[in-house]
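Sequence positions in the sequence shown follow the UniProt record's numbering and run 1 to 129.
Below is one structure, written out as structure tokens; comments come after it.
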Amino acid sequence: MPATADSEIVTEGIRVKAEPHFLAERSIPEQGQYLFTYKITLVNEGDAWAKLKSRHWIIIDSDGHREDVYGPGVVGEEPELEPGDTYTYSSFCPLSTNFGTMEGSFSMVRRDGSPFEIRVARFYLTVNQ
Numbered sequence: 001m002p003a004t005a006d007s008e009i010v011t012e013g014i015r016v017k018a019e020p021h022f023l024a025e026r027s028i029p030e031q032g033q034y035l036f037t038y039k040i041t042l043v044n045e046g047d048a049w050a051k052l053k054s055r056h057w058i059i060i061d062s063d064g065h066r067e068d069v070y071g072p073g074v075v076g077e078e079p080e081l082e083p084g085d086t087y088t089y090s091s092f093c094p095l096s097t098n099f100g101t102m103e104g105s106f107s108m109v110r111r112d113g114s115p116f117e118i119r120v121a122r123f124y125l126t127v128n129q
């Protein structure tokens, strides 16, 4: 595991930063229940408007179980980003192990309707953050 659990990547002019955090007060380790929160920040560093339409998460726990999660928007929204705009949201990820990874992508659309994908680089869900 790298020195930090966070990740950051720029794809198609959109910077995506992920910052996970273990929620000890909401977890029950003796029952295999670990709850993590993560904050995602998108920054449009490009020169064109973009709208987030859907998400795809790949979640893998320390036992190697993989879950692919697809859904529209993020936290019930489809944020629009003008050049220079920043959008931040937080969500949760339960795991049955004390370590896992998340990575994925956001499906975006340009003003002319053309689609494109931006990556979310792998970040680490660990109780030792």
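Every residue gets a Cβ at the ideal spot worked out from N, C-alpha and C, and that includes glycine.
All values reported here derive from a predicted model rather than from experimental measurement.
As DSSP reads the structure, W57 sits in a beta bridge with V69 and G104. DSSP places E30 in the helix class (H, G or I) of the three-state scheme.
Of the candidates G13, T4 and S7, the residue whose Cα lies closest to the Cα of R110 is G13. The alpha-carbon separation between E25 and Y34 amounts to approximately 10 Å. The Cβ atoms of L81 and N44 sit closer than 8 Å to each other. Annotation: K51 to A18 spans about 19 Å, alpha carbon to alpha carbon.
At the C-beta level, F22 and C93 stay beyond 8 Å of one another.
Residue pairing for T126: DSSP places it in a beta bridge opposite F99. By the criterion of at least three beta-carbon pairs nearer than 8 Å, the segment 92-106 is in contact with the segment 56-63. Judged by DSSP in its simplified three-state form, A48 adopts coil rather than helix or strand. For D68, the closest alpha carbon among the candidates P29, S114, V10 and T101 is that of T101.
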